[in-house]
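*Asks:* Residue numbers (this note's numbering), protein chains in the order written: chain Z, 10 to 159; chain R, 1194 to 1458; chain E, 46 to 309. We put the beta carbon where it would ideally sit given N, CA and C, even for glycine. Since we're looking at a predicted model, the values are computed, not measured. Questions regarding the structure given below will be posed in turn.
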Amino acid sequence: MTSKNLEISVGAFVLAGILALVVLALNVSGLSYRADDQSYYLFARFENLAGLSERAKISLSGVTIGRVVSITLDTEDYVAVVKMAIDKDVPLTTDTSASILTAGLLGEKYIGLSVGADDELLINADEIEDTQSSIVLEELIGQFLFSRSE
Amino acid sequence: MMVKALINRVRFMGNGVLNISAGVGRAAWFFIHVLSWGSGFKAPFKRLLQQVYQLGVLSLPIVLVAGLFVGMVLALQGYHILVGYGSQEAVGQMVALSILREFGPVVTALLFAGRAGSALTAEIGLMKATEQLSAMEIMGVDPFKRIMAPRLWGGVITLPILTVMFSVLGIYGGAFVAVEVLGIYDGSYWANMQNSVEFNEDVIKGVVKSLVFAVVVTWLAIFHGWNATPTSQGISRATTATVVQASLAVLALDFILTAVMLGGF
Amino acid sequence: MENFAELVDLSFSRDGRLILDRISLQIPKGKVTAILGPSGTGKTTLLRLISGQLKPDSGDVMVDGLSVPGLSRNDLFALRKRLSLLFQSGALFTDMSVFENVAFSLREHTRLPEHMVRDLVLLRLQSVGLRGAAHHMPSELSGGMARRVALARSLALDPELIMYDEPFTGQDPISMAVLVKLIRTVNDQLSLTSVLVSHDVEEALSIADQVYVLSHGRIIGKGTPEQVRQTHSPELKQFLFGHVDGPVSFHYPSKPLEQEVLPL
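What follows is the structure in structure tokens.
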């Protein structure tokens, strides 16, 4: 194995490895470069998150427009406060509503937004007022049973 | 009489523990010594290249083929399990997460231990048996720096690269089976996967695992070669020890690492 | 006569067995010293004690005024650049060619430019008669040729002391004669000190200036070859002249034959 061939094959090996890593990054994990200054932040309060986790997606009309950045508990009102990062080029009206939905029957929780008819738009650090908590299966069954018994 | 037998038993066990401690101590000293690259030696980079070639490039065939088949089998099995819940669309993320987090690092490390690890042990053991290591020492060249260190660093660089390639081939192999053979919609396979796979969480942690495995497997391989009795039987025993111990270590470490990464122990 | 190396009251044991028992010997500078003895008496061990690969249990090893067991790792490596040990098998590096083997120490320890290294290597190979084999791999050489290459390799850095571990063992008559001649000429032309460990009595005696004979860990004879040949010691005579029976008995200790073979 000549010196030249050795260097070429090892170089090709390493490059192929880097390429594989890039493929994993883009195609497999859907990593896309979203810098901080390309999003603005909104808050929303929910009574029950029931399985929503950080980095869950936020979608509008089925299109992913952001991610959940952090989840905290407000110890005064005992509600969950969700901080969301929304793409800068997606304007949302002040009467936008946010609901926690499930993707598929056993799928993950995500936040679905639905825009209203107001003229004003939400700006950075605003709060979405109209929220709908997650539907918990047990509560649903409980409601059904109670309504049947009446 | 019985007391004597008992005392002998204890002494035997104690000896065993001491021997194991001595072995671990030797291995630890060895490890630290091998890490030092040393200066004043010409063309160390060329030696490193040679090792990356021997350990990495020559391991490509087995790793790539294994990755392909593992991915395809995962897709096949996964489909048949998920279809019972009506969630067969999730096969993409199942294949990807299994491979990135577990199968990629572990299977590649096991293959590496068998192929490259045993080759390393045999090579160094043979060098010891034919007194080449001794001759080098007498000529004032430290065999740790010249022979062992390039091999250790070669292994550490090579295994993560092999792991990443294994993962890519596995996921694409799974895609082939899922989309072409089982009829999953191409878009769902990739979209579901992309939504569930986090680069920092899954890909990077898989690479971190493979780095840990790389260090342990290569170190064990070199150590057993250096420690081998210089007879043909001794080398055979050393090679076996490398493969067995490295495989077990990989599996045990995998459990520990997974527990730490998932649960924060 | 100045001594290049000296063993002072040296003892060494391995696995509980005493291999060398309070040995004292001197290696005079510029001469060929032969250390003879039956296989397994610890002659190779002696060489490894001189080169510092082994540490004595008691006593001292002096090389050029330095006490070898007490040297630090770096000092030991520095000393080893001035010594050379020729292994029984040659111990050539199997993944390098003959040329690269001989060039090894030059490339590792000096900063000589490549063309100078090339010339030096070829000259050394010339002195052992193997310049034409420079591009062969060690696996392509016969045993005798491998040893000659190893000799060239050991001489590459102009050592002050060269040690030969059983250089004549298993050689055909021609290779044997070549090696014998080389050891002597190399010692004289390069003003080396040579130590030769062997059980090939005639060959060793033909070129040695001084002889030690070891047996069971002790020196049983020393002097010039002529002095040793005229010894009166039965043990020494048996070894030197190859008598089948004598102080080293032919029969392994056992019961009398009548008891084992004939029925009682």
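1) Round the Cβ separation of F55 (chain Z) and I109 (chain Z) to the nearest angstrom and send it over; I've been treating them as touching at under 8 Å.
2) In angstroms, rounded to a whole number, what distance separates the CA positions of E148 (chain Z) and L82 (chain Z)?
3) Quick one: residues in its chain with C-beta nearer than 7 Å to the C-beta of H154 (chain E), no 5 flanking neighbours on either side, listed in chain order?
4) If you reduce the DSSP assignment to three classes, tell me which class N133 (chain Z) lands in.
5) Whole angstroms are fine: how far does the CA of V1453 (chain R) sit from the CA of V1401 (chain R)?
6) On the three-state DSSP scale, how would you describe T155 (chain E)?
7) Are the beta-carbon atoms belonging to F22 (chain Z) and V1250 (chain R) less than 8 Å from one another?
8) Count the other CB atoms within 10 Å of the CB of D127 (chain Z); is the residue buried (16 or more) or exposed (fewer)?
9) Measure the C-alpha to C-alpha separation of P83 (chain E) and F295 (chain E) and round it to an integer number of angstroms.
10) Which stretch, first to last residue, makes up the alpha helix (DSSP H) that contains A1312 (chain R)?
11) How many angstroms separate the CA atom of Y1495 (chain R) from the CA atom of P1237 (chain R)?
12) Rounding to the nearest angstrom, what Cα-Cα distance links D1395 (chain R) and S1360 (chain R) in this structure?
13) Around the C-beta of S1291 (chain R), are 16 or more other C-beta atoms found within 10 angstroms, so that it is buried, or is it exposed?
14) Looking at Q272 (chain E): is its Cβ nearer than 8 Å to the Cβ of E211 (chain E)?
15) What span of residues does the beta strand (DSSP E) with D66 (chain E) cover, start to end?
16) Cβ of G1231 (chain R) less than 8 Å from any chain E Cβ?
17) By DSSP, does G266 (chain E) sit in helix, in strand, or in coil?
18) Quick check on the DSSP output: what are the complete beta strand (DSSP E) runs of length 3 or more inside the segment 40-104 of chain Z, in order along the chain?
19) Return yes when the Cβ of L101 (chain Z) is within less than 8 Å of the Cβ of V124 (chain Z), no when it is not.
20) What are the start and end residues of each continuous beta strand (DSSP E) run of 3 or more residues lying completely inside the segment 90-152 of chain E, in chain order?
21) How many angstroms separate the CA atom of S142 (chain Z) from the CA atom of V1370 (chain R)?
22) Among E:E145, E:K74, E:L81, E:G97, which one has its Cα closest to the Cα of R176 (chain E)?
23) Any beta-carbon of chain Z closer than 8 Å to the one on Q1243 (chain R)?
24) Excluding the five sequence neighbours on either side, which residues of its own chain have a C-beta within less than 8 Å of the C-beta of K1235 (chain R), listed in chain order?
25) With H, G and I counted as helix, E and B as strand and the rest as coil, what does DSSP make of Y297 (chain E)?
26) Hey, would you say I252 (chain E) sits closer than 8 Å to R229 (chain E), going by beta carbons?
27) Would you say the segment 215-222 of chain E touches the segment 91-98 of chain E, given that touching needs at least three Cβ pairs under 8 Å?
28) DSSP puts A107 (chain Z) in a beta bridge; with which residues?
29) Given L1313 (chain R), which residues of its chain have a CB within under 8 Å of its CB, disregarding the five upstream and five downstream residues?
30) At a Cβ threshold of 8 Å, is F153 (chain Z) touching chain R?
31) Given a threshold of 16 other Cβ atoms within 10 Å of its Cβ, counted over all protein chains shown, does W1383 (chain R) qualify as buried or as exposed?
32) Can you tell me whether Y1278 (chain R) sits near the ligand COA, meaning its C-beta is under 7 Å from at least one heavy atom of the ligand?
33) Just to confirm my understanding: we take I1331 (chain R), look at its own chain, exclude 5 residues before and 5 after, and list those with CB closer than 7 Å. What are they?
34) Taking Cβ-Cβ distances below 7 Å as the criterion, which residues of the segment 14-25 of chain Z are in contact with chain R?
35) Once you ignore the five residues that flank S1440 (chain R) on each side, which residues in its own chain have a CB closer than 8 Å to its CB?
36) What does the alpha-carbon distance come out to for the pair Q1438 (chain R) and I1364 (chain R)?
*Replies:* Checking against the coordinates, here is how it stands:
1) Their Cβ separation, rounded to whole angstroms, is 6 Å, which keeps F55 (chain Z) and I109 (chain Z) in contact under 8 Å.
2) A straight-line Cα-Cα distance of about 21 Å links E148 (chain Z) and L82 (chain Z).
3) Contacts found: K126, L202.
4) N133 (chain Z): coil per DSSP, three-state reduction.
5) So the two alpha carbons sit approximately 12 Å from each other.
6) Residue state, collapsed to three classes: coil.
7) Against a cut-off of 8 Å, the Cβ pair of V1250 (chain R) and F22 (chain Z) comes out as a contact.
8) Classification of D127 (chain Z): exposed, given that the 10 Å Cβ count is below 16.
9) So the alpha carbons of these two residues sit roughly 14 Å apart.
10) Run containing A1312 (chain R): 1311-1322, per the alpha helix (DSSP H) assignment.
11) No answer is possible for residue 1495 (chain R): it lies beyond the span of chain R, which begins at 1194 and ends at 1458.
12) Between D1395 (chain R) and S1360 (chain R), the C-alpha separation is close to 11 Å.
13) Looking at its Cβ environment, which holds 16 or more other Cβ atoms inside 10 Å, S1291 (chain R) is buried.
14) No.
15) Element bounds for D66 (chain E): 62-73.
16) Unreliable positioning characterises G1231 (chain R) in this predicted model, as indicated by a pLDDT of 45, which lies under 50. The coordinate reading is nonetheless provided below. Residue-level contact check: G1231 (chain R) does not touch chain E, since none of the beta carbons of chain E fall below 8 Å from its beta carbon.
17) The answer is strand: DSSP assigns G266 (chain E) an E or B state.
18) With a minimum length of 3 residues, the continuous beta strand (DSSP E) runs that stay inside the segment 40-104 of chain Z are 48-55, 66-69, 72-83, 88-96.
19) Contact: yes.
20) Taking 3 residues as the minimum length, the beta strand (DSSP E) runs contained wholly in the segment 90-152 of chain E are 103-108, 128-131, in order along the chain.
21) For S142 (chain Z) and V1370 (chain R), the distance between alpha carbons rounds to 39 Å.
22) Considering only alpha carbons, the answer is E:E145.
23) Any Cβ of chain Z closer than 8 Å to the Cβ of Q1243 (chain R) would place that residue at the interface, and such an atom is present.
24) For K1235 (chain R), the predicted model reports a pLDDT of 45, less than 50, meaning its position is unreliable and no value from the coordinates is stated.
25) The three-state reading of DSSP puts Y297 (chain E) in coil, since its state is none of H, G, I, E or B.
26) The answer is yes: Cβ separation under 8 Å.
27) Contact between the segment 215-222 of chain E and the segment 91-98 of chain E is absent: fewer than three C-beta pairs spanning the two stretches fall below 8 Å.
28) Note: A107 (chain Z) sits in a beta bridge opposite Z:L122, Z:T140.
29) Around L1313 (chain R): L1248, R1344, G1348, T1411, A1414, I1415, G1418, T1435.
30) Cβ-Cβ to chain R under 8 Å: no for F153 (chain Z).
31) So W1383 (chain R) counts as buried.
32) No copy of the ligand COA occurs in the structure displayed, which carries no ligand at all.
33) Correct list: empty, nothing qualifies.
34) Cβ proximity to chain R below 7 Å picks out L15, E16, S18, V19, F22, V23, A25 from the segment 14-25 of chain Z.
35) Only L1303, A1306, G1307 meet the Cβ criterion.
36) In this model, Q1438 (chain R) and I1364 (chain R) are separated by some 29 Å (Cα to Cα).
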